[in-house]
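K.L.:
This is the structure I want to talk about, given as structure tokens.
2 protein chains.
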Amino acid sequence: MPALNPHISVDCVILGFDSKELKVLLIEREHINGVSPEGHKLKLPGSLIYKNEDLDKSAYRTLFELTGLRDIFLKQFAVFGNPNRLSPQEDLDWLRKTTNNYQIDRVVTIAYYSLIKLTESNRTPKTIWYPVKNLPDLIFDHNQIIKKALEILRNEIRSKPLCFELLPKKFTIRQMHDVYEAILDESFDSRNFRKKLKPLKFLVPLQEKEKGVNHKPAQLYRFDRKLYFKYNKKRNGFIL
Amino acid sequence: MPALNPHISVDCVILGFDSKELKVLLIEREHINGVSPEGHKLKLPGSLIYKNEDLDKSAYRTLFELTGLRDIFLKQFAVFGNPNRLSPQEDLDWLRKTTNNYQIDRVVTIAYYSLIKLTESNRTPKTIWYPVKNLPDLIFDHNQIIKKALEILRNEIRSKPLCFELLPKKFTIRQMHDVYEAILDESFDSRNFRKKLKPLKFLVPLQEKEKGVNHKPAQLYRFDRKLYFKYNKKRNGFIL
DNA sequence: ATGCTTAATGTGATATTTACGCTAAGAGAA
DNA sequence: TTCTCTTAGCGTAAATATCACATTAAGCAT
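Sequence lines, in order, name chains G and E. Quick note, the first sequence lines up with residues 42 to 281 if you use the numbering used here. Quick note, the second sequence lines up with residues 42 to 281 if you use the numbering used here.
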């Protein structure tokens with residue numbers, strides 16, 4: 042195993058949508074190196090980077106090692122570098138134990154976020170999915186990191202094609218509608234919502250309809266990433 | 042002098058507006074510790090942080106030490122952590138010389154930007170103000186850092202009250218107009234521009250007009266930060 | 001007074017937003 | 001079959017915002 046850089050870490054805020062509400066991926070701090078901690082606190086998946094590791098790579102690696110998740114996009118969104126962020130003392134003690142060859146004084150963490158759809162395959166044994174409303178007290182400044190991630194997500198999703206990360210390949214307008222309402226915590230008139238989507242050429246209707254519902258089946262669409270980039274070069278986005 | 046953290050640095054992209062065009066603050070790399078370099082490359086003001094220093098504090102300190110500038114807002118906007126960013130070798134050699142007690146392998150830098158009005162008092166002996174169009178080759182990945190800063194600035198200035206950082210306390214609509222045209226590199230119809238500003242209650246007209254111009258003097262306004270936050274809580278911004 | 005320059009308001013055509021009403025299509029119950 | 005329930009999906013009218021352009025106003029210089 043390569044040497045760790047004792048000053049820099051990555052943390053991942055993985056937000057999952059189970060077609061109802063937004064949840065965040067947490068893990069138990071026990072899970073690092075099997076060292077048993079004093080409490081039962083939860084934390085974001087994250088860890089120190091290796092000495093010569095690219096930051097993005099480190100985030101992907103860490104996420105995979107701690108949760109088994111891979112092939113999801115991760116976006117760097119902020120840095121947390123307050124010299125006192127590794128508090129309370131109890132949390133710092135735990136960190137020192139789990140990395141006992143290194144002298145840990147202060148760690149600057151690069152935070153990443155991602156959005157995924159919550160399916161059975163995401164619910165690996167190590168993962169705990171917690172609704173973002175009413176989170177428990179997490180280790181270090183992880184509550185604050187999640188808060189910031191949500192702020193940024195809510196801004197970005199209005200003008201960037203993030204919602205398609207949360208939807209199946211084939212989706213209905215209704216599903217898009219639900220995604221926006223859940224994330225922005227705001228309600229939209231479904232008729233006007235549809236009207237806004239009408240002109241978006243990158244929403245391609247399929248020759249296929251919803252099945253197995255006890256009401257009028259909805260048209261299925263797919264997101265065409267190429268068309269998106271073609272039509273959205275300038276102002277870089279649509280606005281909801 | 043406190044010990045440096047050899048893994049983490051801050052860099053500041055200070056953008057200055059001289060009522061005509063946008064310039065960026067550069068310094069000569071000679072200026073650190075008086076070590077003379079092989080070339081004459083320019084760089085952004087920035088340096089390694091101290092072991093136990095807050096990141097934001099470090100950015101303010103560095104900027105002051107290298108340029109004499111203080112009391113300007115600085116905003117963290119990105120992190121650059123590619124393991125190869127300290128290239129070419131010549132640049133890395135220079136860095137090692139200027140910090141000769143430390144083993145420098147790879148440095149993650151936290152980048153900050155700011156916007157100020159370019160006045161005589163900003164033009165200290167150490168500062169070089171370079172138009173952002175057509176920059177020379179800078180040290181390390183500093184060209185890339187500036188590019189990213191501009192991208193983010195152009196996005197943010199549309200919906201956040203950044204332009205007031207560039208304007209005097211008392212300003213005219215015309216001056217605001219010029220700021221937006223210079224930064225976004227786009228022209229706006231002055232009549233429609235005014236119309237957009239009309240409903241903004243945080244632009245407070247003063248009992249005072251422009252003086253000493255050989256044409257109709259314009260109304261002076263001030264920016265009321267309190268009113269801004271009061272009326273812009275929700276969607277957090279106006280859109281230009 | 002005359003002209004020069006920029007300030008500031010106005011107007012009408014066109015597009016977008018908003019708040020609704022209404023019909024359509026399928027499933028399941030009676 | 002027909003009725004009912006549920007969500008899909010289209011339409012319409014009023015209010016708002018956008019865009020391209022014209023005109024008048026206020027000061028200085030001559």
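Note that CB positions come from ideal geometry on N, CA and C, so glycine has one too.
What first and last residue would you give for the beta strand (DSSP E) that runs through E:Val-65?
P.N.:
Unbroken beta strand (DSSP E) run through E:Val-65: 63 to 69.
K.L.:
Measure from the C-beta of E:Pro-43 to each C-beta in chain G and report whether the shortest distance is under 8 Å.
P.N.:
E:Pro-43 does not count as touching chain G.
K.L.:
Does the count of Cβ pairs from the stretch 234 to 252 of chain G and the stretch 48 to 60 of chain E closer than 8 Å reach three?
P.N.:
No: fewer than three Cβ pairs fall under 8 Å.
K.L.:
Spell out a yes or no on whether the stretch 146 to 163 of chain E and the stretch 125 to 132 of chain G are touching, meaning 3 or more CB-CB pairs, one atom from each, closer than 8 Å.
P.N.:
Not touching, per the Cβ criterion.
K.L.:
Does DSSP classify G:Asp-52 as helix, strand or coil?
P.N.:
Three-state result, G:Asp-52: strand.
K.L.:
Between G:Ile-157 and G:Glu-206, which are expected to be in contact by the criterion C-beta below 8 Å, what is the C-beta distance as a whole number of angstroms?
P.N.:
About 6 Å separates the two Cβ atoms, so the contact holds.
K.L.:
Tell me the rounded alpha-carbon separation between E:Thr-103 and E:Gly-122.
P.N.:
Their Cα atoms are separated by approximately 19 Å.
K.L.:
Do you know offhand how far E:Val-173's Cα is from E:Glu-94's?
P.N.:
Their Cα atoms are separated by approximately 31 Å.
K.L.:
Given 8 Å as the limit, is there contact between the stretch 214 to 234 of chain G and the stretch 129 to 142 of chain G, that is, 3 or more CB pairs closer than that?
P.N.:
Too few Cβ pairs lie closer than 8 Å, so no.
K.L.:
So which residues on chain E does G:Ile-180 lean against when the C-beta distance must stay under 8 Å?
P.N.:
Neighbours of G:Ile-180 on chain E: none; closest Cβ ~20 Å, over 8 Å.
K.L.:
Please list, in chain order, all residues of the same chain as E:Val-245 whose beta carbon is under 7 Å from its beta carbon, the five residues on each side excluded.
P.N.:
Closer than 7 Å at the Cβ level, and outside the excluded window around E:Val-245, lie Tyr-262, Arg-263 and Asp-265.
K.L.:
Which residues in the same chain have their Cβ closer than 8 Å to the Cβ of E:Leu-194, if we skip the five residues on either side of it in sequence?
P.N.:
Closer than 8 Å at the Cβ level, and outside the excluded window around E:Leu-194, lie Leu-56, Tyr-154, Leu-156, Leu-203 and Ile-224.
K.L.:
With C-beta atoms as the reference, is E:Lys-98 less than 8 Å away from E:Ala-44?
P.N.:
No; because the gap between Cβ atoms is not below 8 Å, this pair is not in contact.
K.L.:
Can you tell me whether G:Thr-108 is buried or exposed? The criterion is at least 16 other CB atoms within 10 Å of its CB, across all chains shown.
P.N.:
G:Thr-108 comes out buried.
K.L.:
Mind listing which residues of the stretch 112 to 124 of chain G have their C-beta closer than 9 Å to chain E's C-betas, in chain order?
P.N.:
Residues passing the 9 Å Cβ filter: Gln-117, Ala-119, Val-120, Phe-121, Gly-122, Asn-123 and Pro-124.
K.L.:
Report buried or exposed for G:Ser-88, applying the criterion of at least 16 other Cβ atoms within 10 angstroms of its Cβ.
P.N.:
Its Cβ being crowded by 16 or more others within 10 Å, G:Ser-88 is buried.
K.L.:
Helix, strand or coil, according to DSSP, for G:Tyr-99 in the structure here?
P.N.:
The sequence shown places Ser at residue 99 of chain G, not Tyr. Looking at G:Ser-99 - three-state DSSP - the assignment turns out to be helix.
K.L.:
Could you check what DSSP says for G:Gln-248 in three-state terms: helix, strand or coil?
P.N.:
Strand at G:Gln-248.
K.L.:
Just confirm the distance between the C-beta atoms of E:Phe-84 and E:Ile-180, as a whole number of angstroms; I'd bet it's less than 8 Å.
P.N.:
Looking at the sequence shown, residue 84 of chain E is not Phe but Lys. Confirmed, about 4 Å.
K.L.:
According to a CB-to-CB cut-off of less than 9 Å, which residues of the stretch 138 to 151 of chain G neighbour chain E?
P.N.:
Against chain E - using a Cβ distance shorter than 9 Å - the residues of the stretch 138 to 151 of chain G are Asp-146, Arg-147, Val-149 and Ile-151.
K.L.:
Using 8 Å as the threshold, is the C-beta distance between E:Gln-268 and E:Lys-242 below it?
P.N.:
Residue identity differs from the one stated: residue 268 of chain E is Leu in this sequence, not Gln. Contact: yes.
K.L.:
Counting only Cβ-Cβ distances shorter than 7 Å, please list the residues of the stretch 183 to 194 of chain G near chain E, keeping chain order.
P.N.:
Here the close residues number zero.
K.L.:
For the stretch 48 to 61 of chain E, enumerate the residues whose C-beta is nearer than 7 Å to any C-beta of chain G, in chain order.
P.N.:
Answer in chain order: His-48 and Ile-49.
K.L.:
If distances are taken between C-alpha atoms only, which option among G:Cys-53, G:His-256, G:Asp-219 and G:Glu-197 comes closest to G:Phe-111?
P.N.:
Checking the sequence, you will find Arg at residue 111 of chain G rather than Phe. Here the closest residue by C-alpha is G:Cys-53.
K.L.:
Could you tell me whether the Cβ atoms of G:Thr-168 and G:Leu-63 are closer together than 8 Å?
P.N.:
No, Cβ-Cβ distance for G:Thr-168 and G:Leu-63 is not below 8 Å.
K.L.:
Could you tell me which chain E residues have their CB closer than 7 Å to the CB of G:Asn-46, listed as they occur along the chain?
P.N.:
The answer, in chain order, is His-48.
K.L.:
Any beta carbon from chain G within less than 8 Å of E:Asn-255's own beta carbon?
P.N.:
Cβ-Cβ to chain G under 8 Å: no for E:Asn-255.
K.L.:
Classify G:His-48: buried if its beta carbon has 16 or more other beta carbons within 10 angstroms, exposed otherwise.
P.N.:
G:His-48 is buried by the Cβ-count criterion.
K.L.:
Residues of chain E with CB closer than 7 Å to the CB of G:Glu-197, please, in chain order.
P.N.:
Simply none; closest approach about 11 Å.
K.L.:
Using CA coordinates, which residue listed in E:Phe-118, E:Leu-96 and E:Glu-69 is at the minimum distance from E:Asn-196?
P.N.:
Residue E:Phe-118 is the option with its Cα nearest to E:Asn-196.
K.L.:
Assuming E:Leu-176 contacts E:Ile-187 under a Cβ cut-off of 8 Å, what Cβ separation, rounded to an integer in Å, is found between them?
P.N.:
Indeed, because the Cβ distance is near 7 Å, the residues count as touching under 8 Å.
K.L.:
By Cβ distance below 8 Å, which residues in the same chain neighbour E:His-72 in space, the five residues on each side in sequence not counted?
P.N.:
Low local confidence applies: a pLDDT of 48 at E:His-72 is under 50, so the model's placement there is unreliable, with the coordinate-based value given in what follows. Leu-107 and Lys-167, listed in sequence order.
K.L.:
What are the boundary residues of the beta strand (DSSP E) that includes G:Leu-136?
P.N.:
Premise fails: G:Leu-136 lies in the alpha helix (DSSP H), 130 to 139, not in any beta strand (DSSP E).
K.L.:
Which of the three DSSP states, helix, strand or coil, is assigned to G:Thr-160?
P.N.:
Looking at G:Thr-160 - three-state DSSP - the assignment turns out to be coil, as it is neither helix nor strand.
K.L.:
Return the residue from the list G:Lys-257, G:Asp-178, G:Gln-260 and G:His-183 that minimises the CA-CA distance to G:Val-120.
P.N.:
Ranking the options by Cα distance to G:Val-120, first place goes to G:His-183.
K.L.:
If the cut is a Cβ gap below 7 Å, which residues of chain E does G:Leu-225 touch?
P.N.:
Near G:Leu-225 there are no residues of chain E at all, since even the closest Cβ is about 11 Å away, more than 7 Å.
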